[in-house]
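Peer 1: Residue numbering for the sequence shown follows numbering that gives the first Met the number 0, beginning at 0 and increasing consecutively. Using N, Cα and C, we set each Cβ at its ideal position, and we do this for glycine too. Once you've had a glance at the structure underneath, I'll fire off some questions.
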Amino acid sequence: MAIKHNQQIPNNHFRKDWQRRVRTHFDQPGRKLRRRQARITKAAAIAPRPIDLLRPVVRCPTIKYNRKVRAGRGFTLEELKEAKVPRKLALSIGIPVDHRRQNTSVESLQINVARLNEYKSKLIVFPRKAGKPKSGDASAEETKDAQQVISLSQSLFKINPIPNRGVVEERKIEDAEKEKNAFRTLRVARSDQRNAGKRAKRAKAKEEEAAAKKK
0 MAIKHNQQIP NNHFRKDWQR RVRTHFDQPG RKLRRRQARI TKAAAIAPRP IDLLRPVVRC
60 PTIKYNRKVR AGRGFTLEEL KEAKVPRKLA LSIGIPVDHR RQNTSVESLQ INVARLNEYK
120 SKLIVFPRKA GKPKSGDASA EETKDAQQVI SLSQSLFKIN PIPNRGVVEE RKIEDAEKEK
180 NAFRTLRVAR SDQRNAGKRA KRAKAKEEEA AAKKK
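This is the structure in structure tokens:
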């Protein structure tokens, strides 16, 4: 901002003790190690349960990103009903519930119901008491062979960000394609579209003029 007239010269305070207020990140390697140790400790504490819950497949909002899918917060009540999973039992077996999300298409409903059914087929429910399994609990052989999923990369229920992605096959460019000029083709098509009305009007005027001469 320019200073006008005979005003006081501003006294900017730029010589403060700024070194004490600078945030440094020299502890980044140590923090990384502590985070990793915390993850290992948590995995060991909840073993043999997986470290994360089963997440639904949801589509990203807005036109810019709706071709991608991502992991959602929880399954809708309609999805749980179709997969025959009781709402109150869901979270106890690693299935989160999101009562706010609604299914706006049959496709999303079918995808997540299939995801729930696959999860149920591979689910191993440990009995509360080792010697007294109840109905729905896994057998002793299944519990013995159970392995914990420690990282998300090992998960059997991964989400592909761009499903149905087409595979592009490479080939050599033919001589006829080399002779074509794509830019010129587009310019000619654009010109034809722009001048279509003028050319039609001109052709109609010529026809009327020729008809008048014959009379």
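For the pair the segment 73 to 85 and the segment 122 to 129, tell me if three or more CB-CB distances fall below 8 Å.
Peer 2: Counting Cβ pairs under 8 Å, fewer than three are found: no touch.
Peer 1: Taking the C-alpha atoms as reference points, what is the distance between Q27 and D51?
Peer 2: Each residue's alpha carbon lies about 25 Å from the other.
Peer 1: Determine the direct distance from the alpha carbon of P49 to that of I149, and round the result to whole angstroms.
Peer 2: Whole-angstrom Cα-Cα distance: 6 Å.
Peer 1: Classify R34 as helix, strand or coil using the three-state DSSP reduction.
Peer 2: R34: helix per DSSP, three-state reduction.
Peer 1: Give the straight-line distance between the Cα atoms of V167 and V187, rounded to the nearest whole angstrom.
Peer 2: Roughly 29 Å separates the two Cα atoms.
Peer 1: I'd like the span of the alpha helix (DSSP H) that includes V187, first residue to last.
Peer 2: It spans A181 to R193 - the alpha helix (DSSP H) in which V187 sits, taken as one unbroken run.
Peer 1: Could you tell me how far apart the beta carbons of S107 and R58 are, in whole angstroms, since I believe they sit closer than 8 Å?
Peer 2: About 7 Å; that satisfies the 8 Å criterion.
Peer 1: Just checking, does the segment 65 to 82 make contact with the segment 157 to 173 on the three C-beta pairs under 8 Å criterion?
Peer 2: Yes: at least three Cβ pairs fall under 8 Å.
Peer 1: Kindly list the residues whose CB is nearer than 6 Å to the CB of V112, restricted to its own chain and excluding five residues on each side of it in sequence; keep chain order.
Peer 2: Cβ neighbours of V112 beyond the five flanking positions: E78, E81 and A82.
Peer 1: Going by alpha carbons, who is nearest to Q147 out of A44, H24 and K212?
Peer 2: Here the closest residue by C-alpha is A44.
Peer 1: Nearest-angstrom Cα distance between K203 and T184?
Peer 2: Answer to the nearest angstrom: the Cα atoms are 27 Å apart.
Peer 1: Using only CA atoms, which one of L122, H98 and V105 lies nearest to S91?
Peer 2: With distances taken between Cα atoms, S91 lies closest to L122.
Peer 1: Measuring CB to CB, does N102 end up less than 7 Å from T75?
Peer 2: Yes, these two residues count as a Cβ contact at 7 Å.
Peer 1: Going straight from the alpha carbon of K232 to that of E206, what length do you get?
Peer 2: Past the edges of the chain, shown from 0 to 214, lies residue 232, and the structure says nothing about it.
Peer 1: Does the Cβ-Cβ distance between D97 and G73 come in under 7 Å?
Peer 2: Yes.
Peer 1: Helix, strand or coil for R114? Go by DSSP, reduced to three states.
Peer 2: Helix at R114.
Peer 1: For L32, does the count of other Cβ atoms within 10 angstroms reach 16, so buried, or fall short, so exposed?
Peer 2: That one is exposed.
Peer 1: Determine whether the beta carbon atoms of I225 and L53 lie at a separation below 7 Å.
Peer 2: Because the chain in this structure spans residues 0 to 214, residue 225 falls outside the shown range and cannot be described.
Peer 1: Strictly by DSSP, which residues pair up with R69?
Peer 2: Answer by DSSP bridge pairing, in chain order: V57.
Peer 1: What did DSSP end up calling V265 once you bin it into helix, strand or coil?
Peer 2: There is simply no residue 265 to check, as the chain begins at 0 and stops at 214 in what is shown.
Peer 1: With distance defined between alpha-carbon atoms, name the residue in D16, T40, P47 and G165 nearest to K143.
Peer 2: Per the Cα distances, P47.
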